[in-house]
Amino acid sequence: MKRDTTLLIYLPLLVLLLAAGPLLPKWAGFLVNVSLCFGTVVLGMLILMRTGLVSFGQGLYYCLGAYAAGTLDHFFKLSDVPLMILCGTLLSGLVAFGLGFLLARYRDIFFAMLSMAFSMILNGLLVKTSELGSTDGFNVSVHSFAGIALAEQSVRYVTYSTTVTLTVLVGVGVHLYLRSHLGRMAEAVRDNELRLEYMGTSVKRLIHINYVLAAALAGMGGAMMAVTVGHIDPEMAYWTTSGEFVFIAILSGTGSTLAPFLGSTVFETVRSFAYEYSPNTWQMTLGITMLLVILFLPGGLWSMFNRQSGTA
Amino acid sequence: MLKVELLDVAIGRVGILRGISLEVGTGRFTGLVGRNGAGKTTLLRAIMGILRAQKGQVHFDDKPLESMPVHARARLGIGYMPEDRRLVPNLSVQDNVLIPAWASGLQDPKRRLEKIYAMIPEVEQFSGRKAMQLSGGQQKLVALARALMSGTQLLLLDEPFEGVAPVLARRLAEVIGGLKQEGLSVLITESDLSHSEEVLDSLYVIDRGEVSPRPL
Amino acid sequence: MAQQTGEFFLEARGVNKKFGAVTAASDINVGITQHSVVGLIGSNGAGKTTFINMVTGYLKPSSGSILFQGRDITSLIPRQVTNLGICRSFQIPQLFGTMTARQNLRIPVGIGARHPGAQRMTDAQEMATVAAVLERFGLTGCADQVSAQLPEGTRKLLDIAMAMAGNPEILLLDEPTSGVSAEEKFLIMDMVMGALAASRTTVLFVEHDMEIVERYASRVLAFYDGRIIADGNPQTVLTDPEVRRYVIGEHVLGQGHAGGSHA
Amino acid sequence: MNQLLAVIIDGILYSSWLFVIGVGLTLIYGVMRILNVAHGSLYALGAYAGSSLAGYWISHGYPPLGSYAALLVAAILVGLVASPIIERGLLRLVYGKDEVVLVLVTYSVFLILEDLIKLMWGVDPIFVPEPYGLLGSFSVGDLSYPIYSLALVLVSVLAGIGLTYILNYTRQGKILVAVIHDRETAATLGVNVRLVYFLTFTAGAMLAALGGSLTAPTISVQPGIGVEVIVLAFAVVVIGGLGSLGGAALGALIVGMVRSAAVHYVPQVELFSIYVVMALVLIIRPKGLFAVPEARRI
Numbered sequence: 008m009k010r011d012t013t014l015l016i017y018l019p020l021l022v023l024l025l026a027a028g029p030l031l032p033k034w035a036g037f038l039v040n041v042s043l044c045f046g047t048v049v050l051g052m053l054i055l056m057r058t059g060l061v062s063f064g065q066g067l068y069y070c071l072g073a074y075a076a077g078t079l080d081h082f083f084k085l086s087d088v089p090l091m092i093l094c095g096t097l098l099s100g101l102v103a104f105g106l107g108f109l110l111a112r113y114r115d116i117f118f119a120m121l122s123m124a125f126s127m128i129l130n131g132l133l134v135k136t137s138e139l140g141s142t143d144g145f146n147v148s149v150h151s152f153a154g155i156a157l158a159e160q161s162v163r164y165v166t167y168s169t170t171v172t173l174t175v176l177v178g179v180g181v182h183l184y185l186r187s188h189l190g191r192m193a194e195a196v197r198d199n200e201l202r203l204e205y206m207g208t209s210v211k212r213l214i215h216i217n218y219v220l221a222a223a224l225a226g227m228g229g230a231m232m233a234v235t236v237g238h239i240d241p242e243m244a245y246w247t248t249s250g251e252f253v254f255i256a257i258l259s260g261t262g263s264t265l266a267p268f269l270g271s272t273v274f275e276t277v278r279s280f281a282y283e284y285s286p287n288t289w290q291m292t293l294g295i296t297m298l299l300v301i302l303f304l305p306g307g308l309w310s311m312f313n314r315q316s317g318t319a
Numbered sequence: 052m053l054k055v056e057l058l059d060v061a062i063g064r065v066g067i068l069r070g071i072s073l074e075v076g077t078g079r080f081t082g083l084v085g086r087n088g089a090g091k092t093t094l095l096r097a098i099m100g101i102l103r104a105q106k107g108q109v110h111f112d113d114k115p116l117e118s119m120p121v122h123a124r125a126r127l128g129i130g131y132m133p134e135d136r137r138l139v140p141n142l143s144v145q146d147n148v149l150i151p152a153w154a155s156g157l158q159d160p161k162r163r164l165e166k167i168y169a170m171i172p173e174v175e176q177f178s179g180r181k182a183m184q185l186s187g188g189q190q191k192l193v194a195l196a197r198a199l200m201s202g203t204q205l206l207l208l209d210e211p212f213e214g215v216a217p218v219l220a221r222r223l224a225e226v227i228g229g230l231k232q233e234g235l236s237v238l239i240t241e242s243d244l245s246h247s248e249e250v251l252d253s254l255y256v257i258d259r260g261e262v263s264p265r266p267l
Numbered sequence: 703m704a705q706q707t708g709e710f711f712l713e714a715r716g717v718n719k720k721f722g723a724v725t726a727a728s729d730i731n732v733g734i735t736q737h738s739v740v741g742l743i744g745s746n747g748a749g750k751t752t753f754i755n756m757v758t759g760y761l762k763p764s765s766g767s768i769l770f771q772g773r774d775i776t777s778l779i780p781r782q783v784t785n786l787g788i789c790r791s792f793q794i795p796q797l798f799g800t801m802t803a804r805q806n807l808r809i810p811v812g813i814g815a816r817h818p819g820a821q822r823m824t825d826a827q828e829m830a831t832v833a834a835v836l837e838r839f840g841l842t843g844c845a846d847q848v849s850a851q852l853p854e855g856t857r858k859l860l861d862i863a864m865a866m867a868g869n870p871e872i873l874l875l876d877e878p879t880s881g882v883s884a885e886e887k888f889l890i891m892d893m894v895m896g897a898l899a900a901s902r903t904t905v906l907f908v909e910h911d912m913e914i915v916e917r918y919a920s921r922v923l924a925f926y927d928g929r930i931i932a933d934g935n936p937q938t939v940l941t942d943p944e945v946r947r948y949v950i951g952e953h954v955l956g957q958g959h960a961g962g963s964h965a
Numbered sequence: 188m189n190q191l192l193a194v195i196i197d198g199i200l201y202s203s204w205l206f207v208i209g210v211g212l213t214l215i216y217g218v219m220r221i222l223n224v225a226h227g228s229l230y231a232l233g234a235y236a237g238s239s240l241a242g243y244w245i246s247h248g249y250p251p252l253g254s255y256a257a258l259l260v261a262a263i264l265v266g267l268v269a270s271p272i273i274e275r276g277l278l279r280l281v282y283g284k285d286e287v288v289l290v291l292v293t294y295s296v297f298l299i300l301e302d303l304i305k306l307m308w309g310v311d312p313i314f315v316p317e318p319y320g321l322l323g324s325f326s327v328g329d330l331s332y333p334i335y336s337l338a339l340v341l342v343s344v345l346a347g348i349g350l351t352y353i354l355n356y357t358r359q360g361k362i363l364v365a366v367i368h369d370r371e372t373a374a375t376l377g378v379n380v381r382l383v384y385f386l387t388f389t390a391g392a393m394l395a396a397l398g399g400s401l402t403a404p405t406i407s408v409q410p411g412i413g414v415e416v417i418v419l420a421f422a423v424v425v426i427g428g429l430g431s432l433g434g435a436a437l438g439a440l441i442v443g444m445v446r447s448a449a450v451h452y453v454p455q456v457e458l459f460s461i462y463v464v465m466a467l468v469l470i471i472r473p474k475g476l477f478a479v480p481e482a483r484r485i
């Protein structure tokens with residue numbers, strides 16, 4: 008058996024990112040923070056992709072998580088960071104638990120399309136709900152951390168370190184999950200459903216479980232994004248947002264739980280710089296990057312580090 | 052006509068054929084006999100170019116086929132009749148038979164069609180029906196007719212008698228036997244020799260991916 | 703065929719299966735006793751795989767019923783049938799293609815260890831069990847190779863080993879030696895039968911190779927056109943004139959029974 | 188009564204538009220098994236090329252009726268230029284990869300084309316309404332519609348009938364049917380599948396561009412018009428059952444009518460009514476209305 012080095016990377020990464028937080032220039036800290044939020048959503052996609060499914064509607068849960076967090080602040084004045092993130096995660100997980108009964112029956116392009124339809128429905132609902140700001144969405148502010156009131160100037164570092172800590176925790180959690188029996192079964196679903204059924208296992212149940220996990224992570228990413236950026240809008244459920252998640256997932260590769268974070272950081276960096284230096288061609292830059300990865304690194308960026316095998 | 056030399060074929064990483072050598076002489080009927088899974092279909096598919104060979108050569112009329120795409124091989128005059136018929140279910144029988152002529156821009160498809168109908172009158176009888184309305188045996192006849200449309204030089208017939216009622220199988224054997232007068236070269240696979248033995252000029256046996264000649 | 707009830711381990715009663723106009727099984731009545739090793743022979747499309755598919759719940763008979771230990775299992779799906787102790791292997795190996803042989807086997811071993819009532823295993827115990835199975839089937843050497851890249855014979859063995867890892871009451875093997883070289887065919891069967899000897903597991907296997915059937919089966923069912931046309935011990939069935947004509951074919955070459963038939 | 192009439196007429200007009208943008212997508216999917224995200228960009232390219240060409244024509248004082256020909260020529264040009272680059276230059280390299288990877292490839296093409304359009308035409312809206320007003324209008328009851336809006340109805344009917352005719356009654360069409368059913372066997376019959384793919388993609392791209400160029404006079408052409416079109420076309424095609432021509436027609440009709448009804452009766456739900464229909468259809472018929480049955484595995 009190969010030694011599991013991934014866990015050994017997570018701890019120094021946590022320490023490094025936490026320590027770097029106050030030192031990084033504002034834009035860089037923001038970039039890392041946003042990348043980690045995206046990375047968390049894509050980490051959920053990675054779980055789904057291990058079962059062979061790709062959702063073109065992960066924006067549904069990303070947006071739900073963000074709006075759950077935002078609503079807490081907006082309507083209930085409960086602008087507490089961990090509470091908001093927890094609610095976002097739970098709401099998305101709960102909705103996915105319901106929809107999962109339906110979606111677990113679908114595969115391939117039809118799974119992708121049905122998930123997209125659901126996320127577009129949410130997008131349409133939000134756009135038409137003036138109480139939630141319609142197309143413009145609304146601002147989200149943060150005032151406390153686990154009941155402790157926050158000073159104005161400390162908010163940014165608190166959200167940053169919360170994001171970093173949570174991200175590393177779920178990264179480790181998902182890593183352990185994928186190494187567990189249940190996680191291995193997820194991969195078996197992708198490889199051969201028929202065989203699994205012939206081993207006495209319900210493939211539908213397995214997919215359902217992974218679907219809920221993926222959604223909860225998307226909700227968590229959305230909620231973290233809401234507290235990080237301080238603004239949410241229905242665009243989060245639009246198909247292009249979901250498309251970006253698929254984009255990052257393919258860019259990253261599914262070889263490791265670290266891959267989504269690498270991928271989202273590369274994605275955000277390319278996007279920020281391309282947007283900064285050539286606002287009219289940043290999409291083109293992303294498109295070309297993607298094509299190059301698909302053509303020359305079919306296993307995603309992560310395959311550069313892990314040439315020999317695809318172990319989790 | 053057709054010469055296969057030391058051919059190795061794998062599907063994925065799984066080696067199916069090993070060092071296959073075989074020859075079909077001009078105007079000769081050659082049999083390839085072996086049970087299910089021995090590699091008969093794989094060999095015919097490799098000759099047609101559907102599967103890529105890892106090693107070895109296939110020559111047709113002394114022309115190497117390796118770098119030739121599938122459709123170009125068919126246009127050399129090779130007709131292929133797959134074991135599972137593979138007709139286009141929602142096209143008429145006549146359309147099915149004519150597709151090779153249309154695809155290769157044959158000069159006078161009507162004349163060739165009439166000739167084929169003369170050889171297999173049954174096909175003309177149900178020429179207006181959709182392929183999916185035919186029984187398995189009838190479909191075999193149509194698949195043979197279709198193979199004859201492009202197969203002006205060489206026919207590759209994969210298990211033509213498989214899964215066909217005995218009466219129809221005899222009829223198929225009769226039709227195939229009649230092709231001798233056309234000067235066609237034919238490679239027939241079968242799991243035993245019960246139907247093709249009379250028409251064969253030479254025989255190979257294939258077992259577990261290896262081929263050896265066998266006297267008749 | 704006798705229509706006894708209750709005393710068979712596995713039983714098919716009046717089973718028919720139609721695909722549109724095609725009859726794949728017609729009035730199959732057969733009872734299998736526990737601990738027997740039954741060979742299923744017949745040409746392509748005679749209904750052997752259809753029979754296995756119906757027993758394991760992949761296909762539903764058009765009419766008739768299938769009983770296991772007296773219980774009607776006709777309407778169960780593969781997962782439920784498997785959980786009753788009926789496992790199968792496949793003509794085309796059904797593996798987890800991106801996983802190594804070891805990882806492949808770990809799935810059924812892990813599932814088995816989590817069955818209600820089964821003894822829970824630690825990770826180390828699971829790995830040890832997997833290693834033991836690999837050892838028994840001579841797969842240790844390629845245990846850490848990705849299964850899609852293994853040679854066909856090895857894949858076949860792995861496929862069977864995975865079916866057996868569920869410790870079945872009945873094992874159904876669909877052409878265990880097809881696509882396997884001549885040297886390997888007895889090797890595979892010896893390993894499988896050897897591993898099953900202690901538990902005296904009931905086995906049904908589909909096979910085209912009459913040498914295999916003769917050597918390993920205690921009873922042979924000959925299928926033709928969806929029906930069972932002969933049933934009995936190998937000597938009787940394989941010399942039956944109808945079987946020789948329809949199933950084996952008088953002109954078979956390259957098989958044990960072809961003897962001097964190419965005259 | 189009048190409102191119902193309006194719903195039906197609007198529904199038909201909208202359905203026609205949806206069919207024109209959906210039919211090319213379903214054609215490409217049916218033959219090549221690629222869900223082409225860049226379809227929306229081809230639509231946008233058609234719109235830009237159409238308004239540029241028609242605008243040029245009109246501003247140079249040529250007879251205004253010729254602007255219709257300009258719209259048509261623009262669509263054909265887009266197809267002729269885009270197809271060799273996208274299909275021959277790129278898609279050819281990725282055939283055989285996962286369906287999802289193919290979607291991502293075309294998604295990348297979409298991203299690239301979106302910016303390419305901005306580079307070529309700038310970000311300011313372009314408005315060439317002349318062809319729209321030129322033909323005057325007709326009235327049904329007391330409702331008045333511009334005659335130009337019938338153009339899309341005409342094109343969609345022609346495209347539908349034309350493709351049905353080609354597939355059922357011409358040699359080329361029957362060859363296409365053979366490729367759709369089983370490309371491998373088609374190749375063994377001498378069919379040059381590569382060429383068929385190229386021609387199919389060209390035709391699909393032209394149809395997308397035609398949808399765009401014909402719509403151009405009725406809207407202000409600006410960046411981002413292709414984005415919405417993509418999901419609408421997806422919805423239409425998925426509802427119908429991917430790759431089915433009749434399915435695309437029925438899908439367009441259902442979506443068009445539902446949206447039209449929503450606009451008139453419950454405008455709040457207009458935006459997402461289409462996706463509700465899409466979800467409902469998929470829930471009831473998991474592979475769309477005209478799904479192709481699949482083969483057995485063992």
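Protein sequences appear in the order of chains A, B, C and D.
Residues 8 to 319 in the numbering used here are what the first sequence lists, from first letter to last.
Residues 52 to 267 in the numbering used here are what the second sequence lists, from first letter to last.
Residues 703 to 965 in the numbering used here are what the third sequence lists, from first letter to last.
Residues 188 to 485 in the numbering used here are what the fourth sequence lists, from first letter to last.
We treat Cβ as the ideally placed atom computed from N, Cα and C, and that holds for glycine.
Because the structure is a prediction, the values reported are computed rather than measured.
- At 8 Å on the CB atoms, spell out the chain D contacts of A:Q290, in chain order. Walking along the first sequence from the start, residue 290 of chain A turns up at place 283. Ordered by position in chain D, the residues that pass the 8 Å Cβ test against A:Q290 are L298, I299, E301 and D302.
- Check whether the Cβ of B:N87 lies closer than 8 Å to any Cβ atom in chain D. On the second sequence, residue 87 of chain B is found 36 positions in, with the first residue counted as 1. It does not: the Cβ of B:N87 has no partner Cβ on chain D nearer than 8 Å.
- Is D:L258 closer than 8 Å to D:P318 when the C-beta atoms are compared? Residue numbering aside, residue 318 of chain D sits at position 131 when the fourth sequence is read from its first letter. Residue numbering aside, residue 258 of chain D sits at position 71 when the fourth sequence is read from its first letter. A contact, by the Cβ cut-off of 8 Å.
- Query: Looking only at its own chain, which residues have a Cβ that is under 6 Å from the Cβ of A:V162, when we skip the five neighbours before and after it?
  - Reply: Within the first sequence, residue 162 of chain A is the residue found at index 155, counting from 1. The beta carbon of A:V162 is closer than 6 Å to those of V149 in its chain, skipping five residues each way along the sequence.
- Task: At 7 Å on the CB atoms, spell out the chain A contacts of C:R790, in chain order.
- Result: Along the third sequence, read from residue 1 onward, the residue named residue 790 of chain C stands at position 88. Simply Y205.
- Is it a yes or a no for the stretch 53-70 of chain B touching the stretch 208-219 of chain B, going by three-plus beta-carbon pairs under 8 Å? no
- So which of A:F252, A:R57 and A:W34 has the shortest CA-CA distance to A:E283? As a first step, residue 283 of chain A is located in the first sequence; it is residue number 276 there, counting from the start. When only C-alpha atoms are compared, the closest one is A:W34.
- Rounded separation between D:T402 and D:A234 - CA only: Translated into positions along the fourth sequence, residue 402 of chain D becomes position 215. Translated into positions along the fourth sequence, residue 234 of chain D becomes position 47. Distance between the alpha carbons of D:T402 and D:A234: 7 Å.
- Query: Listed from N- to C-terminal order along the chain, which residues in the stretch 353-367 of chain D have their beta-carbon within a distance smaller than 7 Å of any beta-carbon of chain B?
  - Reply: R358, K361, I362, V364 and A365
- Message: Quick check on DSSP: helix, strand or coil for B:T203?
- Response: Locating residue 203 of chain B in the second sequence gives position 152, counting from the first residue. B:T203: coil per DSSP, three-state reduction.
- Reference B:R69, options B:R86, B:K106, B:R96 and B:R79, closest by Cα: Counting from one through the second sequence, the residue named residue 69 of chain B turns up at place 18. Nearest of B:R86, B:K106, B:R96 and B:R79 to B:R69, Cα basis: B:K106.
- Task: Select from D:F388, D:L306, D:P454 and D:I304 the residue whose C-alpha is nearest the C-alpha of D:R220.
- Result: What you label residue 220 of chain D is simply residue 33 of the fourth sequence in a count that begins at 1. It is D:F388 whose Cα lies nearest to the Cα of D:R220.
- Please check the pair A:A256 and A:M56, which I expect to be a contact at CB under 8 Å, by giving their CB distance rounded to whole angstroms. As a first step, residue 256 of chain A must be located in the first sequence, where it is residue number 249. As a first step, residue 56 of chain A must be located in the first sequence, where it is residue number 49. About 6 Å separates the two Cβ atoms, so the contact holds.
- Task: Note down, in chain order, every chain A residue with its Cβ under 8 Å from the Cβ of D:L487.
- Result: Residue numbering for chain D in the displayed model covers 188 to 485; residue 487 of chain D lies beyond these limits and cannot be assessed.
- Task: Establish whether the CB of B:S253 and some CB of chain C are separated by less than 8 Å.
- Result: In the second sequence, counting from the first residue as 1, residue 253 of chain B sits at position 202. Output row for B:S253: interface = no.
- Flag this pair as yes or no: are the beta carbons of C:L906 and C:L860 separated by less than 8 Å? Here residue 906 of chain C refers to the residue found at position 204 when the third sequence is read from its first residue. Here residue 860 of chain C refers to the residue found at position 158 when the third sequence is read from its first residue. The answer is no: Cβ separation not under 8 Å.
- Could you spell out where the alpha helix (DSSP H) holding D:E317 opens and where it closes? Numbered from its first residue, the fourth sequence carries residue 317 of chain D at position 130. From DSSP, the alpha helix (DSSP H) with D:E317 extends over E317 to L321.
- Would you check if the distance between the CB atom of D:E286 and the CB atom of A:I116 is smaller than 8 Å? The residue labelled residue 286 of chain D in the question sits at position 99 within the fourth sequence. The residue labelled residue 116 of chain A in the question sits at position 109 within the first sequence. Yes.
- The alpha helix (DSSP H) enclosing D:V305, as first and last residue numbers: Here residue 305 of chain D refers to the residue found at position 118 of the fourth sequence. Inspection of the sequence shows that residue 305 of chain D is occupied by Lys rather than by Val. From DSSP, the alpha helix (DSSP H) with D:K305 extends over E286 to W308.
- Message: Among D:V408, D:Y335, D:D197 and D:I426, whose alpha-carbon lies nearest the alpha-carbon of A:M120?
- Response: Looking up residue 120 of chain A in the first sequence gives position 113. Out of D:V408, D:Y335, D:D197 and D:I426, D:I426 has the C-alpha closest to the C-alpha of A:M120.
- Item | Where A:V41 sits in the DSSP three-state scheme | On the first sequence, residue 41 of chain A is found 34 positions in, with the first residue counted as 1. Assignment of A:V41 by DSSP, reduced to helix, strand and coil, places it in the helix class.
- Message: Please return the same chain residues whose Cβ sits closer than 7 Å to the Cβ of A:V165, not counting the five positions on each side in sequence.
- Response: Here residue 165 of chain A refers to the residue found at position 158 of the first sequence. So the qualifying residues of the chain are V88, F152 and L157.
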